[in-house]
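Student: In full-length UniProt numbering, the protein residues as written are 1 to 540.
Take this structure, written in structure tokens, and hold onto it; I'll ask about it next.
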Amino acid sequence: MKINSITIDQNNANLLERCDCNLDNLTKVDNNYIIETPTDIVNSIGAFFETINAPRFINQDTLLKVIVDTKVNTLTRSFIHNIENNLTITNFSGTNPASNPQFIEDSILFHNTTQIMNIFHSLPNKFSAGLDNIPPIVLKHLPTIIISAYTIIFNNCLNNRFYPEAWKKAKILPILQKGKPPNEVTSYRPISLTPSISKVYEVLINNTLNHYTNLNSIIPDNQFGFKHKHSTTHALHKLLNDINSHLHNKEMVCACFVDLERAFDSVWINGLINKLHQLKYPLDLIQLIWHMTRDRKFQTWDGENLSTITFDIIEGLMQGTVNSPALFNIFTHNIPNLFNLNSDNITHSLAIADDLIILTANTNLKVAQHDLEILVNKINNVYAQWNLRINLSKCETIVFHKPLRFLPITKRNAIKNFSINIINKNNDKQIIENKKKVKYLGLQFDYLLRLNDHSINQLQKAKNSFRANSRIFFNKNLSPRTKIICYLLLIRPIITYAAPILWNMSASLMEKLRKFERMCIRTALHAFRKDDDSKHFINS
């Protein structure tokens, strides 16, 4: 994307120094420097992205950090000893070739040519590439002899618990956030493009990581993010089921939607390595992950210009990699079930990656409110101990209840005065905003849990999408089959999102959806109703 200029405050000395701009050549307006050279622009944005992954230990000087750092330092010394002495998992030879290694007890790291060929063939048909400028579609069509050579390279890397330095280097594309000024570095979010071949190698690591994770049931059932055969619809179904069960028992349900600030970028790497060790993952795999997550680097690219500076990712997990989601789930695996959550029928929780929902229920709203506030503050303290921070500006609370006309005045007043406070380390209270409507995973919840707003909004989105693509559906040169396929790809997924949980939709609203669908199909088939021709009638 084209970025015309970037404005940096003159007092931001660290950023100006890191982007290596010649201040004498910059235009100065008021107290700001205006950067207009393409290379300086991508350098300045890269310098800002580097600060996102700079260590910010909010658990500094805590006993937990001292203990964890000590344990990980001991592990690190053993890892370095293995590297310096060239200690490997096995020895490849004529009877144990790297292209088809024998099974090693307690290790499933190695893969044969057939397995790796399947991974290559499953790569997406994309042309975006990392710094090596080799897109996935090229790797997908490599001949068998090249894939066999890659198999030998991969297995030797795995045998040495090694992650190549060139594959740790990413190309970062800055994307302007909606509604943000394009001349400020804080308005951009990074999209990471790692070398395509590194994704293949990470899949091999991910296979082993997931094997041990599933074998030992590390990730709880109420964590729905980045799990095989789990989707947002499953999470929404679980959430609605818990809430409806309590509403049926004439209880009120308090919910807090917790959002983390820069979750992946804030992962404490030593804490992650310690958790992997505590959960008894194989040491060979831990050393490989340790080597994979350290000394990562990136360059910024705007589509035409590449930064002349290589920036460091000192802390956190790089977004856009295959293993970051799985490692984040392991890092936070115990949080959804802390403090007896889900152990009774009063408190519930579920998570989608870094988004956590906490529910409490009671016939007495004040009791449910008190329980929720205690749980939220305890969870906040645990997050802080592990260097994660709750983003209060994106956290929300809501009270699910029956219509107010069916509630006594005392309960109505309790709903009106409902609020949850988070107490920070300075003992300052901060209020989490309470709402009557919240949006979660693309679904709009109202306090009555009727979900009508969601269906109406999705219908409007579908209509907008149909109008935006009208040149396809009204095109007489396209076959009806082609237009029906376009409808199934572009329109129908919008109106059917989360359809399994919309079981209580009213007949009138359902008819609106059917009417719109019939209109789309008639347009695609060019089969409009006519007074003199009844054969074009479409029965829904």
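We treat Cβ as the ideally placed atom computed from N, Cα and C, and that holds for glycine.
As the structure is a prediction and not an experimental result, all values here were calculated from the model.
Applying the criterion that 16 or more other CB atoms from any shown protein chain within 10 Å of the CB defines a buried residue, is residue 474 buried or exposed?
Tutor: Residue 474 sits at position 474 when you count from the first residue of the sequence shown. With fewer than 16 Cβ atoms within 10 Å of its Cβ, residue 474 is classed as exposed.
Student: Based on the DSSP output, what are the partners of residue 171 in its beta bridges?
Tutor: Position 171 of the sequence shown holds residue 171. Note: residue 171 sits in a beta bridge opposite 193 and 299.
Student: For residue 302, count neighbouring C-beta atoms within 10 Å of its own C-beta (all shown protein chains included) and say buried if the count is 16 or more, exposed if not.
Tutor: As a position in the sequence shown, residue 302 is number 302, starting the count at 1. Label assigned to residue 302: buried.
Student: Can you look up residue 111 in the DSSP assignment and give me helix, strand or coil?
Tutor: Position 111 of the sequence shown, counting from 1, holds the residue named residue 111. In the structure shown, residue 111 sits in coil (DSSP, three-state: anything other than H, G, I, E or B).
Student: Using the three-state DSSP reduction, which class does residue 257 fall into: helix, strand or coil?
Tutor: Stepping through the sequence shown from its first residue, residue 257 is reached at position 257. The answer is strand: DSSP assigns residue 257 an E or B state.
Student: Which one of 77, 347, 400 and 304 has the shortest CA to CA distance from residue 3?
Tutor: Position 3 of the sequence shown, counted from the first residue, corresponds to residue 3. Residue 3 has its Cα closest to that of 304, out of 77, 347, 400 and 304.
Student: Could you spell out the range, first to last residue, of the beta strand (DSSP E) harbouring residue 433?
Tutor: Here residue 433 is taken as the residue at index 433 of the sequence shown, counted from 1. It spans 429-434 - the beta strand (DSSP E) in which residue 433 sits, taken as one unbroken run.
Student: When we look at the beta-carbon of residue 467 and count the other beta-carbons within 10 Å, is it buried (16 or more) or exposed?
Tutor: Taking the first residue of the sequence shown as 1, we reach residue 467 at position 467. Label assigned to residue 467: exposed.
Student: If you measure between the beta carbons of residue 172 and residue 190, is that distance less than 7 Å?
Tutor: Within the sequence shown, numbered from 1, the residue matching residue 172 stands at position 172. Within the sequence shown, numbered from 1, the residue matching residue 190 stands at position 190. In this structure, residue 190 lies closer than 7 Å to residue 172 by Cβ.
Student: Can you pull the DSSP bridge partners for residue 399?
Tutor: As a working note, residue 399 is residue 399 in the sequence shown. In the DSSP output, where bridge partners are listed per residue, residue 399 has 254.
Student: Using the Cβ count rule (16 or more neighbours within 10 Å means buried), how would you classify residue 202?
Tutor: The sequence position of residue 202 within the sequence shown is 202, counting from 1. The residue is buried, with at least 16 neighbouring Cβ atoms inside 10 Å.
Student: How many angstroms separate the CA atom of residue 258 from the CA atom of residue 68?
Tutor: For this step, residue 258 is matched to residue 258 along the sequence shown. For this step, residue 68 is matched to residue 68 along the sequence shown. Spanning the two alpha carbons is a distance of roughly 26 Å.
Student: Does DSSP put residue 360 in a helix, a strand or coil?
Tutor: On the sequence shown, position 360 is the one that residue 360 refers to. Three-state result, residue 360: strand.
Student: Is it the case that the Cβ atoms of residue 479 and residue 387 are separated by a distance below 7 Å?
Tutor: Within the sequence shown, residue 479 is the residue found at index 479, counting from 1. Within the sequence shown, residue 387 is the residue found at index 387, counting from 1. No. Outside cutoff.
Student: Would you kindly report the start and end of the unbroken beta strand (DSSP E) that includes residue 445?
Tutor: Working through the sequence shown from its first residue, we reach residue 445 at position 445. That run of the beta strand (DSSP E) goes 443-446.
Student: Using only CA atoms, which one of 162, 100 and 439 lies nearest to residue 294?
Tutor: Along the sequence shown, read from residue 1 onward, the residue named residue 294 stands at position 294. Ranking 162, 100 and 439 by Cα distance to residue 294 puts 162 first.
Student: According to the Cβ coordinates, are residue 223 and residue 264 closer than 7 Å?
Tutor: Here residue 223 refers to the residue found at position 223 when the sequence shown is read from its first residue. Here residue 264 refers to the residue found at position 264 when the sequence shown is read from its first residue. Taking 7 Å as the Cβ cut-off, residue 223 and residue 264 do not qualify as a contacting pair.
Student: Rounded to whole angstroms, what's the CA-CA distance from residue 33 to residue 187? Just pull it up for me.
Tutor: Position 33 of the sequence shown holds residue 33. Position 187 of the sequence shown holds residue 187. Spanning the two alpha carbons is a distance of roughly 17 Å.
Student: So what does DSSP say about residue 311, is it helix, strand or coil?
Tutor: Locating residue 311 in the sequence shown gives position 311, counting from the first residue. Three-state DSSP puts residue 311 in a strand.
Student: Taking buried to mean at least 16 other C-beta atoms within 10 Å of its own C-beta, is residue 403 buried or exposed?
Tutor: As a working note, residue 403 is residue 403 in the sequence shown. Exposed, since its Cβ has fewer than 16 Cβ neighbours within 10 Å.
Student: Report the start-end ranges of each beta strand (DSSP E) in the segment 193-278 that is 3 residues or longer and not cut off at the edges.
Tutor: Correct list: 252-258.
Student: Go through its chain and collect everything with a Cβ distance to residue 230's Cβ below 6 Å, but skip five positions before and after it.
Tutor: Sequence index remark: in the sequence shown, residue 230 carries index 230 (1-based). Cβ neighbours of residue 230 beyond the five flanking positions: 224.
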